[in-house]
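Mind the numbering: the sequence shown is residues 1357 to 1795 in our numbering, read in order.
Notes follow once the structure below has been shown.
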Amino acid sequence: MIERYTKPEMAAIWSEQRKAAIMLEVELSACEAMEELGTVPDGTAAACRTGAASMLPENFPLERINELDATLKHDVIAFLTGVSEVIGEPARHLHKGMTSSDVLDTTLAVQLKQSGELILQTLDSVLDVIERRSREHAHTVCMGRSHGIHAEPTTFGIKLAILWDELRRSHVRLVRAIDEVAVGQISGAVGTFAHLTPDVEAHVCSNLGLTPAPASNQVVQRDRHAHYFHCLALLATTVEKIAVEIRHLQRTEVLEAQEAFSKGQKGSSAMPHKKNPILSENLTGQARMARGYANMAMDNVVLWHERDISHSSVERVAGPDANICVHFMLTRLRGLMDGLIVYPETMRKNMEKTGGLFYAQRVMLGLVESGLSREDAYGLVQRNALRCWEEGSQLLDLLKDDPDVSSRLSDQALDGLADPGWYVRRADVILDRVFAAAR
């Protein structure tokens, strides 16, 4: 991922130095377990750790390892060779009975777990901001729209609460996905433990905070990874949903909400007046990338027999990029929502643009309560609503002048039905119900 869309705390997890440190810990932990089992000489693990001290925590000779890889054409062998040059003679006992995927898949599991936990932490902060803004605007009445057309009133707080709840569901899904992908293996070629014991695997995974795969065929099965990346993609898609809503609300003809515009910011190279929803548009583009990585992860599930490496090249790109992308999106969304400018007066003015058309259903139900059939009541209100559309009149004025309506509902009764507060009187109930949900 390019630096522009990368936060340093996530970049650190996917750095080559961090990857090398995890790979070394896999090897050293396996060596410790083998020593306890008596399959390597006493003191070997300690000697290896002592020899590796100059490389830790993240000071590996990557230039030398890459030089070796250029000749060997095998990154794990190059890593082991480069590390052995530093550690010395005891390193001959590293990687005993293991295969490359034992190291790489277990290392990837650690990186995905760390990334997922960082994303969850950031998502928590986003949820806190949106809950605060939702409660702030619990009673900020605005027009609800269906098909982009005025429907009936809602509140901006309710709109945000619904989006909060969708993000919360992604939080729940991601917790499970992290648990499912935080799985390691130290089972050797084709996963049979022919030259190892499951005790080595258990020790390594315990040290790294992972669960041993119940069975592996030289690789951890990629349905686990596909689930994780799809959870990231679904989270990114919800972020895009929020971004698209803001983009619509910021349109000049609507202007009910607007991204903050910082001092010194410029909106257009040509038009000095422009304030564009660039943050929201950026989030829309980022979500497209996240969904692309999810599709790649799905393709990686299907490998030949016990394994091939068709997944490897994909994961070298998609592993860091998908996590970096989604983490960046959440960081950007948090700032966007925290600084979002809301215009309650514009919301009220927009509600008034249709001459009270949104009262139509309540009037229809009032006519039904008066004894009229629903079909007849619908027809009476609709014919006046269509005139309201065509003439730009006030719906209530037309209804009061319609003898078929006025014979059943007095002017006072019609005025009583024209109350925007009626539609949003349960806003607090909705918000309390949403925010009571567990993350």
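Ideal Cβ placement from N, Cα and C applies to all residues, glycine included.
Here the structure is a predicted model, which means the values were calculated and not measured.
Thinking C-alpha only, which one of the options is nearest residue i?
i, options, result
"residue 1794", "1598, 1483, 1412 and 1458", "1483"
"residue 1431", "1445, 1457 and 1446", "1457"
"residue 1617", "1665, 1698, 1679 and 1596", "1698"
"residue 1444", "1680, 1480, 1427 and 1402", "1402"
"residue 1657", "1758, 1700, 1581 and 1429", "1581"
"residue 1715", "1694, 1651 and 1755", "1755"
"residue 1539", "1663, 1469, 1789 and 1393", "1469"
"residue 1773", "1465, 1742, 1728 and 1723", "1723"
"residue 1433", "1379, 1361 and 1614", "1379"
"residue 1728", "1784, 1372, 1394 and 1765", "1765"
"residue 1791", "1521, 1622, 1383 and 1676", "1521"
"residue 1373", "1710, 1439 and 1789", "1439"
"residue 1708", "1411, 1679, 1498 and 1404", "1498"
"residue 1688", "1411, 1584, 1547 and 1595", "1595"
"residue 1608", "1625, 1411 and 1631", "1631"
"residue 1663", "1572, 1563 and 1565", "1572"
"residue 1400", "1559, 1383, 1413 and 1412", "1383"
"residue 1784", "1371, 1473 and 1511", "1511"
"residue 1359", "1413, 1680 and 1789", "1680"
"residue 1605", "1703, 1621 and 1405", "1703"
Less than 7 Å between C-beta atoms, sequence neighbours within five positions excluded: which residues of the same chain meet that for residue i?
i, result
"residue 1545", "1455 and 1574"
"residue 1567", "1538, 1539 and 1561"
"residue 1524", "1483, 1793 and 1795"
"residue 1436", "1450 and 1451"
Return the first residue and the last residue of the alpha helix (DSSP H) that residue i is part of.
i, result
"residue 1682", "1666 to 1695"
"residue 1423", "1418 to 1428"
"residue 1542", "Here residue 1542 belongs to no alpha helix (DSSP H), and DSSP marks it neither H nor E."
"residue 1385", "1372 to 1393"
"residue 1741", "1730 to 1747"
"residue 1656", "Run containing residue 1656: none; DSSP gives neither H nor E here."
"residue 1710", "Careful: residue 1710 lies outside any alpha helix (DSSP H) and carries neither H nor E."
"residue 1478", "1456 to 1492"
"residue 1615", "Note, residue 1615: premise wrong, no alpha helix (DSSP H); not H, not E."
"residue 1585", "1579 to 1606"
"residue 1789", "1783 to 1791"
"residue 1756", "1751 to 1757"
"residue 1779", "1776 to 1779"
"residue 1400", "1400 to 1408"
"residue 1364", "1364 to 1369"
Could you give the distance in angstroms between the alpha-carbon of residue i and the alpha-carbon of residue j?
i, j, result
"residue 1653", "residue 1645", "13 Å"
"residue 1588", "residue 1610", "31 Å"
"residue 1363", "residue 1598", "21 Å"
"residue 1396", "residue 1552", "12 Å"
"residue 1500", "residue 1619", "32 Å"
"residue 1569", "residue 1541", "6 Å"
"residue 1415", "residue 1366", "19 Å"
"residue 1683", "residue 1475", "5 Å"
"residue 1770", "residue 1496", "24 Å"
"residue 1398", "residue 1555", "17 Å"
"residue 1428", "residue 1419", "14 Å"
"residue 1481", "residue 1691", "10 Å"
"residue 1701", "residue 1375", "53 Å"
"residue 1465", "residue 1602", "36 Å"
"residue 1661", "residue 1394", "33 Å"
"residue 1391", "residue 1381", "15 Å"
"residue 1409", "residue 1612", "59 Å"
"residue 1591", "residue 1753", "47 Å"
"residue 1583", "residue 1535", "11 Å"
Taking the continuous beta strand (DSSP E) assigned at residue i, which residues delimit it?
i, result
"residue 1499", "1497 to 1502"
"residue 1508", "1505 to 1511"
With a CB to CB cut of under 6 Å and the five nearest residues on each side skipped, what residues in its chain are close to residue i?
i, result
"residue 1549", "1543"
"residue 1519", "1598"
"residue 1586", "1650"
"residue 1369", "1467, 1470 and 1471"
"residue 1516", "1486, 1489 and 1490"
"residue 1527", "1479 and 1795"
"residue 1655", "none"
"residue 1686", "1478, 1479 and 1482"
"residue 1624", "1630"
Less than 8 Å separating the Cβ of residue i from some heavy atom of the ligand ZN?
i, result
"residue 1646", "The ligand ZN is not among the ligands present in this structure, which contains no ligands whatsoever."
Can you give me the Cβ contacts of residue i inside the same chain, cut-off strictly under 8 Å, excluding the 5 residues immediately before and after it?
i, result
"residue 1659", "1575, 1578, 1666 and 1667"
"residue 1787", "1490, 1491, 1494, 1513, 1514 and 1517"
"residue 1407", "1442, 1443, 1444, 1446 and 1447"
"residue 1713", "1506, 1741, 1744, 1745 and 1751"
"residue 1509", "1497, 1498, 1499, 1500, 1707, 1714, 1776, 1779 and 1780"
Segment contact, 8 Å Cβ cut-off, at least three pairs: the segment 1445 to 1461 with the segment 1380 to 1390: Cβ pair count under 8 Å is three or more, so yes.
Counting Cβ pairs closer than 8 Å, one from the segment 1529 to 1539 and one from the segment 1714 to 1721, do we hit at least three? Contact fails between the segment 1529 to 1539 and the segment 1714 to 1721, because fewer than three Cβ pairs, one in each stretch, are under 8 Å apart.
Within the chosen definition, does the segment 1628 to 1643 reach the segment 1664 to 1673 through at least 3 CB pairs nearer than 8 Å? The answer is no - the segment 1664 to 1673 does not touch the segment 1628 to 1643, with fewer than three Cβ pairs under 8 Å.
Stretch-stretch touch, CB-based, cutoff 8 Å, three pairs: the segment 1458 to 1474 with the segment 1494 to 1514: No contact exists between the segment 1458 to 1474 and the segment 1494 to 1514.
Pair every Cβ in the segment 1628 to 1636 with every Cβ in the segment 1423 to 1439, then say whether three or more of these pairs are closer than 8 Å. No, the segment 1628 to 1636 is not in contact with the segment 1423 to 1439.
Taking one C-beta from the segment 1760 to 1775 and one from the segment 1743 to 1750 each time, how about it: are there three or more such pairs within less than 8 Å? Output reads no: the segment 1743 to 1750 does not touch the segment 1760 to 1775.
With contact counted as at least three CB pairs below 8 Å, one residue from each stretch, are the segment 1728 to 1736 and the segment 1775 to 1783 in contact? With a cut-off of 8 Å on Cβ pairs, the segment 1728 to 1736 is not in contact with the segment 1775 to 1783, counting fewer than three such pairs.
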